[in-house]
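Participant: Sending over a structure as structure tokens; questions will come in a sec.
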Amino acid sequence: MPAAGARAGALVALRPGGLTVLLPDDRIKGLQVRKDGNWVTVEPAPDAFIVNIGDQIQVVSNAVYRSVEHRVLVNADAERLSIAFFCNPKSDLALGPLPELVTPGRPALYQPMTFDEYRLYIRKKGPRGKSQVESLKGER
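Below you can see the structure in the form of structure tokens.
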């Protein structure tokens, strides 16, 4: 459900990188995450950070941790100022599932790929939401 004062024009995003640490404006709602196919408003807590897991954490964890599809709503009634810090892997570092998280019962879901290769891959595929990282399973 949209936050009060929200209007059309929300920006839907995934983080292809590692982590996003967000210090949200706790006075005004605007961040939503997709859960079970529905958009859910994140309730900002005073003096708290929000940590979004990106696609590379999903790959390294062999999907134990899932990247977060999210969007930011435009608020027609008030300005909102939030601060974000993005932590991404080195562009030429090949990342794949950690060996500790690959077992006979849970085989590797992703092949190693550099962050640059992944960014190029998702640019070629175009915006497809969560299916970008999911489409890597069994590719290459």
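Residue numbering for the sequence shown follows the working numbering, beginning at 689 and increasing consecutively.
From the three backbone atoms N, C-alpha and C, an ideal C-beta is built for every residue, glycine too.
Which whole-angstrom value is the C-beta distance of Leu789 and Asn750, which I expect to be below 8 Å?
Facilitator: Indeed, because the Cβ distance is near 4 Å, the residues count as touching under 8 Å.
Participant: Lys723 bridges to which residues according to DSSP?
Facilitator: Answer is Asn726.
Participant: Beta-carbon separation of Leu761 and Gln720 under 8 Å?
Facilitator: Yes, these two residues count as a Cβ contact at 8 Å.
Participant: Using a Cβ distance threshold of 8 Å, determine whether the segment 711 to 726 contacts the segment 763 to 771, with at least three qualifying pairs required.
Facilitator: Result yes; three or more Cβ-Cβ pairs closer than 8 Å.
Participant: With a Cβ-Cβ cutoff of 8 Å, do Leu783 and Pro792 count as a contact?
Facilitator: Not a contact, by the Cβ cut-off of 8 Å.
Participant: Give me the Cβ distance between Ile741 and Arg754, rounded to the nearest whole Å; I'm assuming they're in contact under 8 Å.
Facilitator: That pair is a contact at about 7 Å.
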